[in-house]
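Numbering (the working numbering), first residue to last: 36 to 707.
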Amino acid sequence: MKKNCFTAVVSLLCASALFAADGPQGTRWRIAPDGNPAIEWIVREGDAHRDHLEMSGLRVSVVVRYGVDADGGFLLNRNVVWPMLRTVPNNTHASLMRRFAWDVPAMIEADGEELRGERVRRIRFDGTLTVESDWESAGGQPLSLTRVLFPSVDAPVYCEKYVLRNGGSAPVLVEIPAARSVIRTRADKGVEGSYELVAEIRGDTTLTLAPQEEVAFGAFFGGRKAGERPSSLDMDTELAARRDLIARLQEDLVLDTPDPVVDAMFAFAKIRAAESIYATRGGLMHGPGGERYYAAIWANDQAEYINPFFPYLGYENGNRSALCSFGHFARYMNPGFRPVPSSVIAEGTGIWNGAGDRGDAAMIAYGASRYALARGDRREAGELWPLVEWCLEYCRRQLTPDGVVASDSDELEGRFPAGDANLCTSSLYYDALLSASMLGRELHKPAAQTAAYRREAAALREAIERHFGARVEGFDTYRYYEGNDRLRAWICIPLTVGIDTRSEETVRALFSPALWTENGLLTQSGDKTFWDRATLYALRGAYACGETGKTTDYLSFYSARRLLGDHVPYAIEAWPEGGQRHLSAESGLYCRILTEGVFGIRPTGLRSFDLTPRLPAKWERMSLRNIRAFGSCFDVEVARADKGLEVRVTAGDRVVCRRTIRDGRTLHVSLD
36 MKKNCFTAVV SLLCASALFA ADGPQGTRWR IAPDGNPAIE WIVREGDAHR
86 DHLEMSGLRV SVVVRYGVDA DGGFLLNRNV VWPMLRTVPN NTHASLMRRF
136 AWDVPAMIEA DGEELRGERV RRIRFDGTLT VESDWESAGG QPLSLTRVLF
186 PSVDAPVYCE KYVLRNGGSA PVLVEIPAAR SVIRTRADKG VEGSYELVAE
236 IRGDTTLTLA PQEEVAFGAF FGGRKAGERP SSLDMDTELA ARRDLIARLQ
286 EDLVLDTPDP VVDAMFAFAK IRAAESIYAT RGGLMHGPGG ERYYAAIWAN
336 DQAEYINPFF PYLGYENGNR SALCSFGHFA RYMNPGFRPV PSSVIAEGTG
386 IWNGAGDRGD AAMIAYGASR YALARGDRRE AGELWPLVEW CLEYCRRQLT
436 PDGVVASDSD ELEGRFPAGD ANLCTSSLYY DALLSASMLG RELHKPAAQT
486 AAYRREAAAL REAIERHFGA RVEGFDTYRY YEGNDRLRAW ICIPLTVGID
536 TRSEETVRAL FSPALWTENG LLTQSGDKTF WDRATLYALR GAYACGETGK
586 TTDYLSFYSA RRLLGDHVPY AIEAWPEGGQ RHLSAESGLY CRILTEGVFG
636 IRPTGLRSFD LTPRLPAKWE RMSLRNIRAF GSCFDVEVAR ADKGLEVRVT
686 AGDRVVCRRT IRDGRTLHVS LD
């Protein structure tokens, strides 16, 4: 390793490995000590800071912009999104949105005047955002106010619960108003005419709070179409439903390692990955979010990134949304093999293909075949087979004289050059051919067809090496396209699909100062732009090719920064574009670092998989419990043994597999 690269690694380790009482050094948040997946910010005097996060339900999403000012007061602005209230023109971004800056506590009076002198004490996030503040009444009595912010699970409403408590020794007269603000949007700006948005405080009470007594009330922000009945919700029922959803997501695919930050980041990633699903007229559609992308699907975000993850989590809405998304893409198969659209938008009623062919067929074939294998449902696999078959044939017809796949652009849609054929598309096609050969065998497709897929994959692997293998900026790695002479983050893609010919130099290039920064990978050396998806793929790929020790240091650093730093608690989309939005599919990619990278699970059949565990040297053991893939529920446990790694796979009381293997060896596991 070069000296400057070694220095960068040391500095990163210093920032991530040392833990103080409040968490890793240099972080704002800490993991809450109560044992539940939660983080908290203990606010100290002068600790001014602002952040934003997104939370979603089946019919609403909200980006909460919040913070603490220099005087200790809480700052709050909500941007509520109604994905199914479509606006004109009904394009990708046509979800109705409104910002609400209501200062609800300012409407409360205590002892005849408004509350005084807020000092935020603690902010906690566990899937709901809870803010605890200290105040005073006009009579000098200490009061506390707790806010709980969250979206409804299934109603088009964003909710805020308020609990005011008298912490003093004398009674306090409290007045809480009822308030209602109604917005009726212009009929000519809505696909279905005018929409009604209602913000309301349901208080309407005057009472005397005895010492240590408390009173609760709520604020609701809802939207509806003309003719729909107004939402009449109970705050505690809605909060219980949100917490129940979060608890259910934490019961399955449970990660347990010696690194509490990685465990917590994984737990939070499951929430963001699963919550961003919308009940559209076109079925359940997973959407990236970010105040831009709702009630629509993409060949990369959904087909490639998130759908292959859902079977492991076993979340029914997730699996249904995956199958729905593939069904939408299948509508655009055609006998002339014209490109499928990059995105199906507006609840399934339109398309977007503004960047041409981005390698979308390779993305879909990759995701659909991996999803079908991991899901383990023969009926679903049979439904998906024609789509996989069509996409593979489309890619075959796009092969250049050099044997790699041509496309107009890649998933960055022209933001950075991708040439006429890029490394990512060919790598995804390679993996899809291998998965399809396994899936076809399970579905009893002709042996000649599945053998042809394997031969095509072998030829493509050689073509990838010939066409893309190159020395770039001093590293024997890959050029991203013909003529590319600068390191690109997507050189990590071959590592994630089992192409390890140039793995050592590629990992060295990825983690070199040319690409790695305090925010993960730059898209291109010498630039300032970063997209988390590249970092997440790179970490998975580095584990897959056996660079476990080095990669774990970077995983720990990245996880601490995203979970406990200044912008929490999820993987983000990009910077400077989008202001580091919490797009949902990136959280699925984080989880796949662990399932496919660290544990090395690679589907090989509807009831089988290869397992190549990568136990870091600093860890004595690791486990994934209640994995819901391959039509089963099973656990994988890995522990250090005298002669290697002891691997144990159990399904209920049945021991499926128990072996001691050398580090880096692969086990084939059948759940039959």
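Glycine included, every Cβ here is placed at the ideal spot set by N, Cα and C.
Item: Whole runs of the beta strand (DSSP E) within the segment 258–338, excluding any shorter than 3 residues; Value: 289–291, 312–315 and 318–321
Item: Nearest candidate by alpha-carbon position, reference Gly102, set Leu120, Asn71 and Trp64; Value: Trp64
Item: With 16 other Cβ atoms within 10 Å as the buried cut-off, status of Gly389; Value: exposed
Item: Proximity below 7 Å, CB of Gly325 to CB of Tyr313; Value: no
Item: Bounding residues of the beta strand (DSSP E) (the contiguous stretch that carries Met657); Value: Arg656 to Ile662
Item: Nearest to Arg134 (by Cα), restricted to the options Asn201, Gly257, Ile66 and Asn71; Value: Gly257
Item: Straight-line gap, Leu290 to Gly533 (C-alpha atoms, nearest Å); Value: 24 Å
Item: Neighbour-count burial assignment, Asp336, 16 or more Cβ in a 10 Å radius; Value: buried
Item: Counted within 10 angstroms of its Cβ, other Cβ atoms place Pro370 as buried (16 or more) or exposed; Value: exposed
Item: Presumed contact (8 Å Cβ cut-off) between Met132 and Val115, rounded CB distance; Value: 7 Å
Item: Nonlocal neighbours in the same chain, by C-beta distance under 6 Å from Ser130, ignoring five residues either side; Value: Val116, Pro118 and Tyr329
Item: Proximity of Pro346 and Ala304 at Cβ, strictly below 7 Å; Value: no
Item: Cβ shell of Gly58 (< 6 Å), same chain only, five flanking positions each side left out; Value: Bear in mind that the predicted position of Gly58 carries a pLDDT of just 43, short of 50, making it unreliable; the figure below should be weighed with that in mind. Excluding positions up to five away in sequence, the list reads Arg65 and Leu599.
Item: Inter-residue Cα distance where the pair is Pro295 and Leu88; Value: 22 Å
Item: Residue burial classification, Pro191 (beta-carbon count within 10 angstroms, cutoff 16); Value: buried
Item: Nearest to Asp624 (by Cα), restricted to the options Leu550, Trp170, Glu540 and Thr531; Value: Reading off the sequence, residue 624 comes out as Leu, not Asp. The residue with the shortest Cα to Cα distance from Leu624 is Thr531.
Item: Residue(s) in a DSSP beta bridge with Thr460; Value: Note: Thr460 sits in no beta bridge, so no partner.
Item: Which residues DSSP lists as bridging Lys196, in chain order; Value: Val183 and Gly253
Item: Cα-Cα separation between Tyr516 and Tyr464, rounded to whole angstroms; Value: 16 Å
Item: Reduced DSSP category for Val691 - H, G, I as helix; E, B as strand; rest coil; Value: strand
Item: Start-to-end residues for the alpha helix (DSSP H) that takes in Thr570; Value: Asp567 to Ala579
Item: Paired residues, beta bridge with Asn352 - DSSP; Value: Asn352 pairs with nothing; no bridge assigned.
Item: Distance between Lys196 and Val183 (C-alpha atoms, nearest Å); Value: 5 Å
Item: Beta-ladder partner(s) of Trp64, from DSSP; Value: Trp64 pairs with nothing; no bridge assigned.
Item: Minimum C-alpha distance to Leu434 - residue among Ser377, Leu469, Arg496 and Met473; Value: Arg496
Item: Cα-Cα separation between Val226 and Ser667, rounded to whole angstroms; Value: 43 Å
Item: Ala222 (DSSP reduced to helix, strand or coil); Value: helix
Item: Residue from Val188, Asp535, Gly228 and Leu178 whose Cα sits closest to the Cα of Leu208; Value: Leu178
Item: Nearest candidate by alpha-carbon position, reference Ser172, set Tyr340, Ala145, Asp189 and Ser187; Value: Ala145
Item: Exposed unless 16 or more other CB atoms sit within 10 angstroms - verdict on Ala56; Value: With a pLDDT of only 33 at Ala56, under 50, the local geometry of the prediction cannot be trusted, and no value is derived from it.
Item: Proximal residues to Gln615 (C-beta, below 6 Å), its chain only, five neighbours per side dropped; Value: His602 and Ile607
Item: Euclidean distance between Cα positions of Asn201 and Ile236; Value: 21 Å
Item: Completely contained alpha helix (DSSP H) runs for the segment 398–441, where each covers 4 or more residues; Value: 413–432
Item: Simplified DSSP state of Asp57, which is helix, strand or coil; Value: Only weak support exists for where Asp57 lies, its pLDDT of 42 falling under 50; the coordinates are left without a value.
Item: Length of the line joining the Cα atoms of Ile158 and Glu80; Value: 14 Å
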